[in-house]
Amino acid sequence: MIRVYLLVEGQTEETFVNDLLQPHCAEMGLYLTPIIVSTSTGHRGGVVRYAKVKSQIERLCKQDARAYVSTLFDLYALPDDFPGKSNRDFPGAANGRCKAEFLEAKLAADIGQRNFIAHLQVHEFEALLFTRIEDFTPWVDDASMLAPLRAVRKTTAPEDINDSPQTAPSKRILAAMPHYQKTSHGPQIACAIGLHPMRAACPHFDHWLQRIEGLA
Numbered sequence: 002m003i004r005v006y007l008l009v010e011g012q013t014e015e016t017f018v019n020d021l022l023q024p025h026c027a028e029m030g031l032y033l034t035p036i037i038v039s040t041s042t043g044h045r046g047g048v049v050r051y052a053k054v055k056s057q058i059e060r061l062c063k064q065d066a067r068a069y070v071s072t073l074f075d076l077y078a079l080p081d082d083f084p085g086k087s088n089r090d091f092p093g094a095a096n097g098r099c100k101a102e103f104l105e106a107k108l109a110a111d112i113g114q115r116n117f118i119a120h121l122q123v124h125e126f127e128a129l130l131f132t133r134i135e136d137f138t139p140w141v142d143d144a145s146m147l148a149p150l151r152a153v154r155k156t157t158a159p160e161d162i163n164d165s166p167q168t169a170p171s172k173r174i175l176a177a178m179p180h181y182q183k184t185s186h187g188p189q190i191a192c193a194i195g196l197h198p199m200r201a202a203c204p205h206f207d208h209w210l211q212r213i214e215g216l217a
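Just add 1 to the spot in the sequence shown (first one is 1) and you have the working numbering.
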């Protein structure tokens, strides 16, 4: 069994890994362990300062050299001290996938460990849920509430949905479904959608999973 430690932003991603990614990868002999990032003593969740995250990545890489380490961080709202984000050649006007690939390369170079696979979710976890809007239906009283989400999905691929504070995937979901609770609804909707449709709709996410699968 090949061990892969995934440093994740919070409980939602932890559940997503345990419920959806781990069963899939286990069939290939890969054992995924999600670990929520520590932000301060006694607190977990969120990438607030890169310096805090870097030490955790390095520690995981070095404590088990035969295992692999990867990240499941949102591209949306990364801190300014994240590697490459303040670079003059950062492709700020490019699409999310280009931005993520640029920052992933900078992150991998900064960590400098052979067993590290840098990954940023474009633009955030909720983008995956835009793969199939119908799977939100059991969680709303009236399916017409989902009309704004359907309209966006009709014209925009999940990973291309804007990452501004007003139009990020999670903000759009909350506007259409005010009672949306990320930690409970998010993983359940993701499981209803399934991994195969997500991979087909989200090429950057799929590419990362291919890299993980390639470890087997």
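Glycine included, every Cβ here is placed at the ideal spot set by N, Cα and C.
Counting C-beta atoms within 10 angstroms of its own C-beta, Lys155 has fewer than 16 neighbours from the protein chains shown and is therefore classed as exposed.
In the DSSP assignment, Ser56 falls within the alpha helix (DSSP H) that extends over 51–64.
Boundaries of the alpha helix (DSSP H) around Pro204: 204–214.
Only exposed fits Tyr32, as fewer than 16 other CB atoms lie within 10 angstroms of its CB. Judged by DSSP secondary structure, Phe103 falls within the alpha helix (DSSP H) whose first and last residues are 97–112.
Secondary structure of Ser39 (DSSP, three-state): strand. In the three-state reduction of the DSSP assignment, Phe83 falls in the coil class. Judged by pairs of C-beta atoms under 8 Å, the stretch 157–166 does not touch the stretch 190–197, as fewer than three such pairs exist.
Beta-bridge annotation (DSSP): Ile118 is paired with Ser71.
Arg133 sits in coil when the DSSP states are folded into three classes, being neither helix nor strand.
Excluding five sequence positions before and after Leu210, the CB atoms of its chain that fall closer than 7 Å to its own CB belong to Arg200, given in chain order. Rounded to the nearest angstrom, the Cβ distance from Ser165 to Lys183 is 18 Å, too far for a contact under 8 Å. Note that the stretch 14–25 touches the stretch 178–192; at least 3 beta-carbon pairs, one per stretch, sit closer than 8 Å. Distances from the CA of Leu104 to each of Ala52, Arg115, Leu121 were compared; the closest alpha carbon is that of Leu121.
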